[in-house]
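Enquirer:
Residue numbers (my numbering): -7 to 348.
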């Protein structure tokens, strides 16, 4: 038939070759397709060496001295710190395009900067009306009556927090640091040290980042001989508070965080403060100071983690962070296990010692 004839012609004219240059049939002696490319012979013979995995830790750098500011910067966002401090790259692009419309609300950064000025003005006992006039003249408030309404609302919210801070605020000084932690010299300055400890405040609802940063300062304060309490206050009655620790215990805790810093500059440390805290705060048991590993508790806790990772229409998820995306885009079981392990290692001690 015509089909059979076409098939026979095709078989006569066409010659199928192996798709891979290292295929074993390319090296059969006497065959029409025999290859003489010696570089592929070890692979064809099964003697080739596989390339090592790409994501390998970088060589550790000798750490003899570190400043407190460097340590705080690292634990504010460990993955970002790996890219910026070790690789010297940044993925944030600033928007320079001017808006076409009058602003009737403030974006998150402008709101935080404004609230920070307002809160500090109220704490210092200065006249907030002068701040209002200055910010409005500079275009830092929403247009027209919207700006006055926004001002009144923010002043009411910040006044309560300011009163709380003023009730505990006292004379403070800066403490110069020179501490040996596991063979590493920790230097720098600890600012706003009062006789009764450290007092901090932020015009926002406090997060796990605020907790671990205050915890770091508190450990340094205790290593330097401090015997007071460290605390930070935020909006909506949020707070972190830590009682004084013995210098030996503070040094042991700080050594663990220094080890994490060194490890996190060799490869990204998967301490996701937002997602990890969402998990830990759901399954931590204050009565036993332990994590509830029961299946039912873990299902709920991991659902909270996934919610923080994905975000919603109002709040972007941690998985959208450009630095996190460079490490992994999909949250699989392997990455999840690493996130939980790092959360337990670094955030669980913070939670256990929190008095707030």
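For each residue, glycine too, the CB sits at the ideal point set by N, CA and C. Nothing here was measured: the structure is a model prediction, and the numbers come from that model.
Restricting to runs no shorter than 3 residues, where is the beta strand (DSSP E) found entirely within the stretch 106 to 190?
Expert: Entirely contained in the stretch 106 to 190, the beta strand (DSSP E) runs reaching 3 residues are, in chain order, 164 to 173 and 176 to 186.
Enquirer: Quick one: is residue 266 buried, meaning 16 or more other Cβ sit within 10 Å of its Cβ, or exposed?
Expert: The residue labelled residue 266 in the question sits at position 274 within the chain shown. With 16 or more other Cβ atoms within 10 Å, it is buried.
Enquirer: Pair every Cβ in the stretch 248 to 263 with every Cβ in the stretch 191 to 199, then say whether three or more of these pairs are closer than 8 angstroms.
Expert: No, the stretch 248 to 263 does not touch the stretch 191 to 199.
Enquirer: I'd like to know whether the C-beta atoms of residue 59 and residue 179 end up nearer to each other than 8 angstroms.
Expert: Translated into the one-based positions of the chain shown, residue 59 becomes position 67. Translated into the one-based positions of the chain shown, residue 179 becomes position 187. In this structure, residue 179 lies closer than 8 angstroms to residue 59 by Cβ.
Enquirer: The beta strand (DSSP E) that contains residue 225, what's its start and end?
Expert: Taking the chain shown and counting its residues from 1, one reaches residue 225 at position 233. First-last of the beta strand (DSSP E) with residue 225: 222 to 225.
Enquirer: With DSSP collapsed to three states, give me the class of residue 34.
Expert: On the chain shown, residue 34 is found 42 positions in, with the first residue counted as 1. Three-state DSSP puts residue 34 in a helix.
Enquirer: By how many angstroms is the C-alpha of residue 289 removed from the C-alpha of residue 270?
Expert: If you number the chain shown from 1, residue 270 lands on position 278. If you number the chain shown from 1, residue 289 lands on position 297. Approximately 13 angstroms, taken between the alpha carbons.
Enquirer: Which residues share a DSSP beta bridge with residue 308?
Expert: Translated into positions along the chain shown, residue 308 becomes position 316. Note: residue 308 sits in a beta bridge opposite 303.
Enquirer: At what residues does the beta strand (DSSP E) containing residue 231 begin and finish?
Expert: Counted from its first residue, the chain shown places residue 231 at position 239. Note, residue 231: beta strand (DSSP E), 231 to 234.
Enquirer: Looking at C-alpha atoms only, which residue of 169, 175, 174 and 176 is the closest neighbour of residue 182?
Expert: In the chain shown, residue 182 corresponds to position 190, counting from 1. For the residues 169, 175, 174 and 176, the minimum Cα distance to residue 182 belongs to 169.
Enquirer: Work out the CA separation of residue 333 and residue 51 for me, nearest whole Å.
Expert: On the chain shown, position 59 is the one that residue 51 refers to. On the chain shown, position 341 is the one that residue 333 refers to. The straight-line gap from Cα to Cα measures roughly 23 angstroms.
Enquirer: What three-state label does DSSP hand residue 315 in the structure shown?
Expert: Position 323 of the chain shown, counted from the first residue, corresponds to residue 315. Note: residue 315 maps to helix in three-state DSSP.
Enquirer: Exposed or buried, which one is residue 66 when buried takes at least 16 other CB atoms within 10 Å?
Expert: The residue you call residue 66 lines up with position 74 of the chain shown. Label assigned to residue 66: buried.
Enquirer: Checking 8 angstroms against the spacing of the C-beta atoms, do residue 64 and residue 208 come in under that value?
Expert: Working through the chain shown from its first residue, we reach residue 64 at position 72. Working through the chain shown from its first residue, we reach residue 208 at position 216. Yes; because the gap between Cβ atoms is below 8 angstroms, this pair is in contact.
Enquirer: According to DSSP, is residue 57 helix, strand or coil?
Expert: Counting from 1 along the chain shown, the entry for residue 57 is found at position 65. Strand, per DSSP.
Enquirer: Output yes or no for whether 8 angstroms exceeds the beta carbon distance between residue 203 and residue 316.
Expert: Counted from its first residue, the chain shown places residue 203 at position 211. Counted from its first residue, the chain shown places residue 316 at position 324. No, the pair does not count as a contact, with Cβ atoms beyond the cut-off.
Enquirer: If we ignore side chains and look at the alpha-carbon of each, how far apart do residue 233 and residue 264 end up?
Expert: Within the chain shown, residue 233 is the residue found at index 241, counting from 1. Within the chain shown, residue 264 is the residue found at index 272, counting from 1. When rounded, the distance between both Cα atoms is 22 angstroms.
Enquirer: Take residue 176 as the anchor and find which of 124, 130, 55 and 196 has the nearest alpha-carbon.
Expert: Here residue 176 is taken as the residue at index 184 of the chain shown, counted from 1. Comparing Cα-Cα distances from residue 176 to each of 124, 130, 55 and 196, the minimum goes to 55.
Enquirer: Give the single residue among 184, 283, 201 and 200 whose Cα lies nearest to the Cα of residue 213.
Expert: Along the chain shown, read from residue 1 onward, the residue named residue 213 stands at position 221. Cα-wise, what sits closest to residue 213 is 184.
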